[in-house]
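Asker: For the sequence shown, the residue numbers in the numbering used here are 2 to 345.
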Amino acid sequence: MKKTAVGSCLVAWPIRPGQWKHSLAAAKLLLFGYGHLKSVQSRSPVDAAGRPIPWFTYPAIEYLQQLDLSGRTVFEYGSGNSTLFWASRADRVISVDDEEHWSRSVRSRVPSNCTVLQEADLRRYVDAIRQYPQGFDIIVVDGPTRGRTRVRCARAAIEHLKPGGLIILDNSDWLPESAQALRDADLLQVDMSGFFPLGDHTQTTSLFFHRESRFTTTTRRQPHPSLGGIDEDWESTMPGAGAHLDWGDERIYGVLRHEVFEKDSPAGRRRFEVAVLHHPARPRSRSRHVLVYDCAAERILLGPYVIEPTSAAVEAEVARLGALSWTAFREFAHRPDCRHYLLD
Numbered sequence: 002m003k004k005t006a007v008g009s010c011l012v013a014w015p016i017r018p019g020q021w022k023h024s025l026a027a028a029k030l031l032l033f034g035y036g037h038l039k040s041v042q043s044r045s046p047v048d049a050a051g052r053p054i055p056w057f058t059y060p061a062i063e064y065l066q067q068l069d070l071s072g073r074t075v076f077e078y079g080s081g082n083s084t085l086f087w088a089s090r091a092d093r094v095i096s097v098d099d100e101e102h103w104s105r106s107v108r109s110r111v112p113s114n115c116t117v118l119q120e121a122d123l124r125r126y127v128d129a130i131r132q133y134p135q136g137f138d139i140i141v142v143d144g145p146t147r148g149r150t151r152v153r154c155a156r157a158a159i160e161h162l163k164p165g166g167l168i169i170l171d172n173s174d175w176l177p178e179s180a181q182a183l184r185d186a187d188l189l190q191v192d193m194s195g196f197f198p199l200g201d202h203t204q205t206t207s208l209f210f211h212r213e214s215r216f217t218t219t220t221r222r223q224p225h226p227s228l229g230g231i232d233e234d235w236e237s238t239m240p241g242a243g244a245h246l247d248w249g250d251e252r253i254y255g256v257l258r259h260e261v262f263e264k265d266s267p268a269g270r271r272r273f274e275v276a277v278l279h280h281p282a283r284p285r286s287r288s289r290h291v292l293v294y295d296c297a298a299e300r301i302l303l304g305p306y307v308i309e310p311t312s313a314a315v316e317a318e319v320a321r322l323g324a325l326s327w328t329a330f331r332e333f334a335h336r337p338d339c340r341h342y343l344l345d
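1. Rank V111, T146, F209 by C-alpha distance to the C-alpha of Y126 and give the top, closest one.
2. Looking at C-beta atoms only, is the number of pairs between the region 189 to 197 and the region 155 to 168 that lie closer than 8 Å three or more?
3. Have a look at the DSSP bridge pairing and note the partners of Q119.
4. Are the CB atoms of L183 and A155 within a distance shorter than 8 Å?
5. May I have the straight-line CA-CA distance separating M2 from N172, to the nearest angstrom?
6. Starting from the C-beta of A61, find all residues in its chain whose C-beta is less than 6 Å away, skip the five residues before and the five after it, and write them out in chain order.
7. Following the continuous beta strand (DSSP E) through S80, name the residue where it begins and the one where it ends.
8. Mapping the DSSP letters down to three states, classify R184 as helix, strand or coil.
9. Taking 7 Å as the limit between beta carbons, can you name the residues of its chain near G72, skipping five residues before and five after?
10. Have a look at H279, G229, P226, G249 and flag the residue whose alpha-carbon is nearest the alpha-carbon of R258.
11. Measure the C-alpha to C-alpha separation of S43 and R212 and round it to an integer number of angstroms.
12. Please state the DSSP three-state secondary structure of H225.
13. Once DSSP output is grouped into helix, strand and coil, what is the label at W56?
14. Leaving out the 5 sequence neighbours to the left and right, which residues in its chain are closer than 7 Å to A324 when beta-carbon positions are compared?
15. When you compare each of L25, L30, E316 to S1 by their alpha carbons, which one comes out closest?
16. At which residues does the alpha helix (DSSP H) containing G195 begin and terminate?
17. Just the Cα atoms here: how many angstroms apart are R321 and F273?
18. Among the residues of its own chain, which have a CB less than 7 Å from the CB of K39, if the five just before and after it don't count?
19. Would you call the CB atoms of I169 and F76 closer than 8 Å?
20. Report back the beta-carbon spacing between S89 and G166 to the nearest angstrom; my notes put them in contact at under 8 Å.
21. What residues are listed by DSSP as bridge partners for F137?
22. Should T74 go down as buried or exposed, given a rule of 16 or more other Cβ atoms within 10 Å for buried?
23. Kindly identify the DSSP beta-bridge partner or partners of R270.
24. Using CA atoms only, rank isn't needed, just tell me which of G229, S266, F330, W248 is closest to H23.
25. Please report the straight-line C-alpha distance between V293 and P53, rounded to a whole angstrom.
See the structure below:
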C-alpha cells in the first residue's frame, strides 16, 4: 500500500485519538464538571463540590439553581439531598417520606427551616400536604410509585399550589398519567431531559408552571450560561466598564475610545463616528471591538469586529478608518461578516 493511501486510512480511522477530542471533553464535563463521578463515589446526588442536589436531571437542576427562592415555600413528596438543596434556597421546606429509617436520617441533617414528616401509609402520605391549607410555591412530586401514589400526589399538589407556583414531576417520562393530570389542570409543561446524578441513562424531570408564574433569577440574566457553556452575550445591553454612547435607538456600553471622522463621498461630505469597546459578547475577554456609526443615516454602519487589545492597535485602527479613501472605506464597510446595510 502506498504511503499516501496509508495516511488517508489513518485520517479516516474512526478510533483515531484525534477523533475523540470532543467526546472526551463532553465526558469530562459530565464526570467532573457536573460531579457525576463524585455522586457515584458517594452514592448520593451531589455536585462537583460535594454539595447536595436533587435527584433530577442536570438540565432541571441548572434551571432551578438560577432561581431566587427567597421567601418561597416548598413541599416535597420524598426527601433526601433535595431537601437540603431547597433548604439552602427557600424560606420553608416541608417534606414527607414513607420510609422511617430514611426520614430519620434526613431529619438529622436538615436545618431549622425544614420539617421532615414520616408516613408509612401511602394514602395518608398523599394527604400529608392537606395539613397546610395555605399552599406552596413549589411542590415536588417524587417518592414511591407503588399503588399509583404519584398520580394521587400530583392531583393533591394541584389543589395546594399557590397562584404563580411550580410543580416538579420527576421521572415524568415514566408517569404519563401524572403528567396528563397536571396538564389537564392548565399548567404549562416544560420537559427537562438528560443525564442525572448516579444514572447511566437519560430520563426526564418535568416542570409544570402555573400560568401566573413569575419566578425571578438571582441575577438580571436568564438563562444563566450552563456549566460547560461559553459565557457570551450576543445582545448585550448591560452597563459595562467604560462610557456609553446613544447611537440612534441603541445604547452602546463599555466604550473605551470614541472618535469622529469625515469622508468626501460622491454626494458630499459624510460624517461618521468610530467606537472601540469591550467585547460585547464576552465580558471577561480582553478583546476590543469596533463599531462605526453613520451620522447621516443615524444607524450603526458596521461592526462589531475584533482588533487586538493593545493601545497601539486601537490607535492604528482609528487612524486607518479616518485615512481610507471613500472607495476603500465603502468596500470595507460592505464586508458581509459585519455590515449592517450597504453604504450608497
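C-beta atoms are modelled at their ideal positions from N, C-alpha and C, and glycine is treated no differently.
Answerer: Let me spell this out:
1. One-based indexing of the sequence shown puts residue 126 at position 125. Closest option to Y126, Cα to Cα, is T146.
2. no
3. To locate residue 119, count along the sequence shown from 1; it is residue 118. D98, per the DSSP bridge assignment.
4. Position 154 of the sequence shown, counted from the start, is the residue given in the question as residue 155. Position 182 of the sequence shown, counted from the start, is the residue given in the question as residue 183. Result yes, Cβ atoms of A155 and L183 sit closer than 8 Å.
5. If you number the sequence shown from 1, residue 2 lands on position 1. If you number the sequence shown from 1, residue 172 lands on position 171. With a pLDDT of 48 at M2, under the threshold of 50, the predicted position of this residue should be treated as unreliable, though the coordinate-derived value follows. Spanning the two alpha carbons is a distance of roughly 55 Å.
6. As a position in the sequence shown, residue 61 is number 60, starting the count at 1. If we look at A61 and ignore the five residues flanking it on each side, its Cβ neighbours are M193, T206.
7. Counting from 1 along the sequence shown, the entry for residue 80 is found at position 79. Per DSSP, S80 belongs to no beta strand (DSSP E) and is neither H nor E.
8. Mapped onto the sequence shown, residue 184 falls at position 183. Residue state, collapsed to three classes: helix.
9. Reading the sequence shown from its first residue, position 71 is the one you call residue 72. Excluding positions up to five away in sequence, the list reads D92.
10. Counting from 1 along the sequence shown, the entry for residue 258 is found at position 257. That would be H279, whose Cα lies nearest to the Cα of R258.
11. Here residue 43 refers to the residue found at position 42 of the sequence shown. Here residue 212 refers to the residue found at position 211 of the sequence shown. Their backbone Cα atoms lie some 39 Å apart in a straight line.
12. In the sequence shown, counting from the first residue as 1, residue 225 sits at position 224. Coil at H225, not helix or strand.
13. In the sequence shown, counting from the first residue as 1, residue 56 sits at position 55. Of the three classes helix, strand and coil, the one that applies to W56 here is coil, per DSSP.
14. Numbered from its first residue, the sequence shown carries residue 324 at position 323. Correct list: empty, nothing qualifies.
15. Because residue 1 is not part of the residues shown, which for the chain are 2 to 345, the question remains open.
16. Taking the sequence shown and counting its residues from 1, the one referred to as residue 195 is at position 194. Careful: G195 lies outside any alpha helix (DSSP H), inside the beta strand (DSSP E) at 189 to 195.
17. Position 320 of the sequence shown, counting from 1, holds the residue named residue 321. Position 272 of the sequence shown, counting from 1, holds the residue named residue 273. Answer to the nearest angstrom: the Cα atoms are 13 Å apart.
18. Stepping through the sequence shown from its first residue, residue 39 is reached at position 38. The answer, listed in chain order, is V47, A49, G51.
19. One-based indexing of the sequence shown puts residue 169 at position 168. One-based indexing of the sequence shown puts residue 76 at position 75. No, the pair does not count as a contact, with Cβ atoms beyond the cut-off.
20. Position 88 of the sequence shown, counted from the first residue, corresponds to residue 89. Position 165 of the sequence shown, counted from the first residue, corresponds to residue 166. Actually they are not in contact, since the Cβ atoms of S89 and G166 sit about 20 Å apart, beyond 8 Å.
21. Stepping through the sequence shown from its first residue, residue 137 is reached at position 136. Its beta-bridge partners are L162.
22. Within the sequence shown, the letter at position 73 stands for residue 74. By the neighbour-count rule (16 or more Cβ atoms within 10 Å), T74 is buried.
23. Here residue 270 refers to the residue found at position 269 when the sequence shown is read from its first residue. In DSSP, R270 forms a bridge with D265.
24. Sequence index remark: in the sequence shown, residue 23 carries index 22 (1-based). Among G229, S266, F330, W248, the Cα nearest to that of H23 is on G229.
25. Here residue 293 refers to the residue found at position 292 when the sequence shown is read from its first residue. Here residue 53 refers to the residue found at position 52 when the sequence shown is read from its first residue. When rounded, the distance between both Cα atoms is 50 Å.
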